[in-house]
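For the sequence shown, the numbering used here assigns the number 4 to the initial residue and increments by one for each residue that follows. Shown next, in structure tokens, is the structure this report addresses.
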Amino acid sequence: MTMRLGSDRLIKGLTLRLCLLLIALCVCVHVYLELGVSTGPPSLLTLERPSQTSEVLPDLRTRAKGGEDPMDPRFGAQDRRVKRRVSYVRSLSKDGAAGETQAKGDPSTCCPHLRPNRKSLRWQIELEPYASDSHSLEDEARRFLQYITTPQVSCDPSSPEGLVVQGVLDGPWSVCLDSRYSLAQRINTKHCRVYSLGLGVEDKTLELSLARAGCEVHCFDPSLRQAHLQVSDMWLHRLSVDWRDPNPAIPARRQHSNTKKLATILNDFGHRQVDVLKADMESAEWKILENLVLEGVLSSVGQLLLEVHLHWAGFEVGGDDPSVVRYWFSLLKELERAQFRLFSHHHDPAKPHLFLHRNILNASSAYTLGWVNTQWRP
């Protein structure tokens, strides 16, 4: 009886050791197959599932010409950039701002794809305290109106740099050509870029003047029939700037597929900087401005010309009336924190005197504001 128990234990022990050895052998084979494929001969696993390189290499070789190495990282990167460039109807004769290199040999492109350097994204703006403990609409309106009608810096157009272009110092839309800031010098050297955001019905006097002075001017109008068009020394694009990109999960026919965020457009066009950003978005300006603040796009802008509409809260701006005005004021204070300073303000006396559907402090329903980035160094 004792001998039988001993033999049973011996058999069980040997069986356990054999199982452990088999497990160890399987682990070694698995590690060898995973790590030794690149140095040793191809295994059954690699024959059944080709590597990513083996799938892509034939296609790259067929496209490589003139001795180019298809495995060179620059080869693939250049190919991807070419695919993502914007094709225009006619090429620009020059790339305006900042001396960015234009694609050579391709007359249908003007804007190489680059990724602008910006700060990390934020989720919400910083709301300012209410103007008073009572949270009254009149107190909020008084603080807001005083803020947008009090210039923070002055622009001296009498300097030599301020005389380089005519037609940009008068009227509701004007730029700051003071020698303390860079726009006048940039116009002189033909290295200025202008973005004009609108709906196709606004005055284009400023854009035409800057284009004739040598600036690269891009106007965004969703009503155009052609995707890209060059007219009167300006580029017209069938795009509307929004505070969000189109949802890829929704079919294009069910949404406005020609709307994009400004950060996306800058990235698609390969533009790192915009000397002048003009926006007349008919009550969409508040959410667009919020998007520019949250995505850190303002650091890429030299001057911001903005028409604000006050007769109602604006698209997707909620809350009671005092909260709406507080939100407006907080957005403009975000501009100030981004080193923008107000240099001009204008209102049309012919427009209705409406402030959130009522007459408060004889305020106009729309104001055109000019802001200059005092720390902008292109």
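C-beta: ideal position from N, C-alpha, C; glycine also.
- For Ser243, the beta-bridge partners assigned by DSSP are Thr262.
- According to the DSSP assignment, Asn376 belongs to no alpha helix (DSSP H) but to the beta strand (DSSP E) extending over Ala369 to Asn376.
- Excluding its 5 nearest sequence neighbours in each direction, Thr371 has C-beta neighbours in its own chain below 6 angstroms: Pro175, Glu310 and His349, listed in chain order.
- Between Lys290 and Glu337, the CB-CB gap reaches or exceeds 9 angstroms.
- The shortest CA-to-CA distance from Pro352 to any of His360, Arg344 and Ser367 is the one to Ser367.
- When DSSP states are grouped into helix, strand and coil, Lys207 belongs to the coil group.
- The C-beta distance from Arg125 to Leu335 rounds to 17 angstroms, too long to meet the 8 angstroms contact threshold.
- When DSSP assignments are scanned along the region 281-366, the uninterrupted stretches of alpha helix (DSSP H) that are 4 or more residues long and fall wholly within it turn out to be 288-297 and 324-340.
- If you ignore the 5 residues before and after Ala266, its C-beta comes within less than 6 angstroms of the C-beta of Glu298 and Val300, all in its own chain and listed in chain order.
- Taken in chain order, the unbroken stretches of beta strand (DSSP E) that lie wholly in the region 180-227 and span 3 residues or more are 196-200 and 219-223.
- The closest CA to that of Val375, considering only Ser302, His314 and Glu143, is found on Ser302.
- In this structure Ser347 is in contact with Ser177, their Cβ atoms being roughly 6 angstroms apart against a cut-off of 8 angstroms.
- Out of Tyr35, His138 and Ala27, the CA that lies nearest to the CA of Gly322 is found in His138.
- Nearest to Gln127 by alpha-carbon distance, out of Arg228, His221 and Leu292, is Leu292.
- Between Ser333 and Trp315 the beta-carbon gap is near 18 angstroms, outside 8 angstroms, which marks them as no contact.
- The beta carbons of Glu131 and Arg329 sit about 7 angstroms from each other, so the pair counts as a contact at 8 angstroms.
- With 16 or more neighbouring CB atoms inside 10 Å of its own CB, His194 falls in the buried class.
- Nearest neighbour of Glu288 by Cα position, chosen from Leu313, Asp324, Asp278 and Arg196, turns out to be Leu313.
- For Leu148, the enclosing alpha helix (DSSP H) stretches over residues Leu140 to Ile151.
- Taken through DSSP and simplified to helix, strand or coil, Leu17 comes out as helix.
- Annotated three-state conformation of Leu25 is helix, per DSSP.
- For Val279, the secondary structure class from DSSP, reduced to helix, strand or coil, is strand.
- Leu130 carries a coil assignment under DSSP once its states are collapsed to helix, strand and coil.
- The beta carbon of Asn362 sits closer than 6 angstroms to those of His356, all from its chain and outside the five residues before and after it, given in chain order.
- Beyond the five residues adjoining it in sequence on each side, Tyr150 comes within less than 7 angstroms, by CB distance, of Phe332 and Leu335 in the same chain, given in chain order.
- Judged by beta-carbon spacing, Val197 lies within the 9 angstroms limit of Asp278, meaning their Cβ atoms are closer than that value.
- With 16 or more other Cβ atoms inside 10 Å of its own Cβ, Gln276 counts as buried.
- In this structure, Arg145 and Leu364 form a Cβ contact; the two beta carbons are roughly 6 angstroms apart against a cut-off of 8 angstroms.
- Within the model, the alpha-carbon separation for Leu359 versus Asn191 is close to 43 angstroms.
- Within its own chain, the residues whose Cβ lies closer than 6 angstroms to the Cβ of Ala134, once the five positions on either side in sequence are excluded, are Asp142, Glu143 and Arg146, listed in chain order.
- The criterion of a C-beta distance shorter than 9 angstroms is satisfied by Lys281 and Ser199.
- DSSP, read as helix, strand or coil, puts His33 in helix.
- Taking a contact as a CB-CB distance under 8 angstroms, the pair Asn270 and Arg241 does not count as one, their CB atoms being some 18 angstroms apart.
- Buried is the label assigned to Leu295, since at least 16 other Cβ atoms lie within 10 Å of its Cβ.
- Residue environment: Gln229 is assigned as exposed (fewer than 16 neighbouring CB atoms within 10 Å of its CB, all protein chains considered).
- Residue burial is scored here from C-beta neighbours: His274 has at least 16 other C-beta atoms within 10 angstroms and is therefore classed as buried.
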